[in-house]
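Everything on this sheet refers to the single structure shown next.
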DNA sequence: CCCCTCCGTTTACAGTTGTACACACTAAAT
DNA sequence: ATTTAGTGTGTACAACTGTAAACGGAGGGG
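Residue numbers (my numbering), protein chains in the order written: chain G, 1203 to 1350; chain B, 1203 to 1350.
In structure tokens form, the structure reads like this:
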């Protein structure tokens, strides 16, 4: 389990997420399999997918391993690290004061299992022990606060 | 209060977030003020900031109002809508099965106030009443599931 | 009345992203 | 040996992003 994300994950674009999710789910696979699976959802040409694969390798998010005559593609970072990293990156852009509200909105809109909820509740109870009364806005350079 | 985000908010880039946060905090302001405030954090040239402003207006995220001889800039969407929209957009890329884990990670890493925590707990208790036992992975076209 | 200063507009340019055609190479089939 | 089918590589190109210099118009100061 990764504790805290070190140096902010490589930016992953929406199209890249689609490829990555398949790679993570399958573990290792040939471009052909990837393409077939992906085309079941997106009508992208083989070429487009091959380009995306190439770029992901260049970005260092995938590695290749020569097998047979073609390549086996594997992810270099775990899905959780990618998810947590991206989520944290997004939250970095938000006003410190309003992160809680955003989280609340997510909790309300995302489908969660009983187990997820239990874990979240446990984490929250723990956090409540040391949580501050207020968090101030960090949108402006001087200490000026935003309302609400 | 916006209930659910309609048609997926205009994509906001990292640099744009910086401008927007200032605009949201100040409500209405002249480019000069914006530039001064922003330059206290980022060493961007006036020009760069003016370009970003213009692009935000073109994207429809800001509107202008001629005042005096210059423009007053205002945001066209609320900060919460932007935050919630972006967060939901990100979550759309994640495996349905692992959204809970990502949320958990956020809850652990984000600074929350006592009040935020209470609200989250309330929302979770409510949600627990109807939450499913499991959520399945939606990464692959066929029903194939990812492990963990 | 002229120049300067402010602010908005034009233009620029490299890098990234979405999308894809066409080509090269190699193993396999004929 | 020649063709073929399957993979990877090169190239392309428009839109968007990060960053910024330069220009043009209007009001203020001299």
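Beta carbons are placed, not taken as given, at the ideal position from N, Cα and C, and that holds for glycine. Since we're looking at a predicted model, the values are computed, not measured.
Within chain G, the residues that residue 1226 of chain B reaches when beta carbons sit closer than 9 Å:
Here the question's residue 1226 of chain B lines up with position 24 in the second chain. Residues of chain G passing the Cβ test: 1297, 1341 and 1348.
Name, in chain order, the residues that DSSP records as bridge partners for residue 1230 of chain G.
By one-based count along the first chain, residue 1230 of chain G stands at place 28. DSSP output for residue 1230 of chain G lists G:1276 as bridge partner(s).
DSSP three-state call for residue 1268 of chain G: helix, strand or coil?
The residue you call residue 1268 of chain G lines up with position 66 of the first chain. Collapsing the DSSP output to three states places residue 1268 of chain G in a strand.
DSSP three-state label for residue 1323 of chain G, please.
The residue given as residue 1323 of chain G occupies position 121 in the first chain. In this structure, residue 1323 of chain G counts as helix in the three-state DSSP scheme.
Give, in chain order, every residue of the segment 1314-1334 of chain B whose Cβ lies closer than 7 Å to some Cβ of chain G.
Answer set for the segment 1314-1334 of chain B: 1314, 1315, 1316, 1318, 1319, 1321, 1322, 1323, 1325, 1326, 1329, 1330, 1333 and 1334.
Give me the Cα-Cα distance between residue 1284 of chain B and residue 1295 of chain G, rounded to the nearest whole angstrom.
If you number the second chain from 1, residue 1284 of chain B lands on position 82. If you number the first chain from 1, residue 1295 of chain G lands on position 93. Going by C-alpha positions, residue 1284 of chain B is about 11 Å away from residue 1295 of chain G.
Take residue 1229 of chain B and list the residues in its own chain whose beta-carbon comes closer than 8 Å to its own, dropping the five residues that flank it on each side.
Within the second chain, residue 1229 of chain B is the residue found at index 27, counting from 1. Scanning its chain for C-beta atoms nearer than 8 Å, with the 5 sequence neighbours on each side dropped, one finds around residue 1229 of chain B the residues 1276, in chain order.
Closer than 8 Å by C-beta to residue 1225 of chain B: which residues in its own chain qualify, once you throw out the five before and the five after it? Chain order, please.
Locating residue 1225 of chain B in the second chain gives position 23, counting from the first residue. Around residue 1225 of chain B, the same chain offers 1231, 1236, 1264, 1275, 1276 and 1277 as residues with beta carbons nearer than 8 Å, after the five sequence neighbours per side are excluded.
CA-CA distance, residue 1211 of chain B and residue 1330 of chain G?
Taking the second chain and counting its residues from 1, the one referred to as residue 1211 of chain B is at position 9. Taking the first chain and counting its residues from 1, the one referred to as residue 1330 of chain G is at position 128. Distance between the alpha carbons of residue 1211 of chain B and residue 1330 of chain G is about 32 Å.
In its own chain, which residues sit with a C-beta less than 8 Å from the C-beta of residue 1255 of chain G, not counting the 5 before and 5 after it?
Residue 1255 of chain G sits at position 53 when you count from the first residue of the first chain. Take residue 1255 of chain G, set aside five residues on each side of it, and the residues of its chain with a beta-carbon closer than 8 Å to its own are 1221, 1233, 1236, 1264 and 1275, in chain order.
What number of angstroms, rounded off, separates the C-alpha of residue 1344 of chain B from the C-alpha of residue 1238 of chain G?
By one-based count along the second chain, residue 1344 of chain B stands at place 142. By one-based count along the first chain, residue 1238 of chain G stands at place 36. Rounded to whole angstroms, the gap between the alpha carbons of residue 1344 of chain B and residue 1238 of chain G is 11 Å.
Using a Cβ cut-off of 8 Å (strictly closer), state whether residue 1181 of chain B contacts chain G.
Residue 1181 of chain B lies beyond the residue range present for chain B, which begins at 1203 and ends at 1350; the question has no answer from this structure.
Assess contact between the segment 1241-1257 of chain B and the segment 1311-1324 of chain G, defined as three or more Cβ pairs (one per stretch) separated by less than 8 Å. Is contact present?
Counting Cβ pairs under 8 Å, fewer than three are found: no touch.
Close-in-space but distant-in-sequence residues of the same chain around residue 1273 of chain G (CB under 8 Å, 5 per side omitted)
The residue you call residue 1273 of chain G lines up with position 71 of the first chain. Cβ within range, chain order: 1232, 1233, 1266 and 1267.
So, at 7 Å on beta carbons, what are the nonlocal neighbours of residue 1301 of chain G in its own chain, with the 5 sequence-adjacent residues on each side left out?
Stepping through the first chain from its first residue, residue 1301 of chain G is reached at position 99. Excluding positions up to five away in sequence, the list reads 1293.
So with CB distances below 7 Å, who are the chain B contacts of residue 1223 of chain G?
Sequence index remark: in the first chain, residue 1223 of chain G carries index 21 (1-based). For residue 1223 of chain G, the chain B residues whose Cβ falls inside 7 Å of its Cβ are 1297 and 1341, in order along the chain.
Proximity winner among G:1291, G:1311, G:1248 and G:1257, relative to residue 1312 of chain B (alpha-carbon distances)
If you number the second chain from 1, residue 1312 of chain B lands on position 110. The shortest C-alpha separation from residue 1312 of chain B is found at G:1291.
Return no unless some Cβ of chain B is closer than 8 Å to the Cβ of residue 1250 of chain G.
Reading the first chain from its first residue, position 48 is the one you call residue 1250 of chain G. By this cut-off, residue 1250 of chain G is not an interface position.
For the segment 1241-1275 of chain B, enumerate the residues whose C-beta is nearer than 7 Å to any C-beta of chain G, in chain order.
Answer set for the segment 1241-1275 of chain B: 1242 and 1243.
Chain B contact for residue 1235 of chain G (CB, 8 Å cutoff):
Here residue 1235 of chain G is taken as the residue at index 33 of the first chain, counted from 1. No - not a single Cβ of chain B is within 8 Å of the one on residue 1235 of chain G.
Apart from the five residues on each side of it in sequence, which residues of its chain come closer than 8 Å, Cβ to Cβ, to residue 1298 of chain G?
Along the first chain, one-based indexing puts residue 1298 of chain G at 96. Correct list, in chain order: 1337, 1338, 1339 and 1340.
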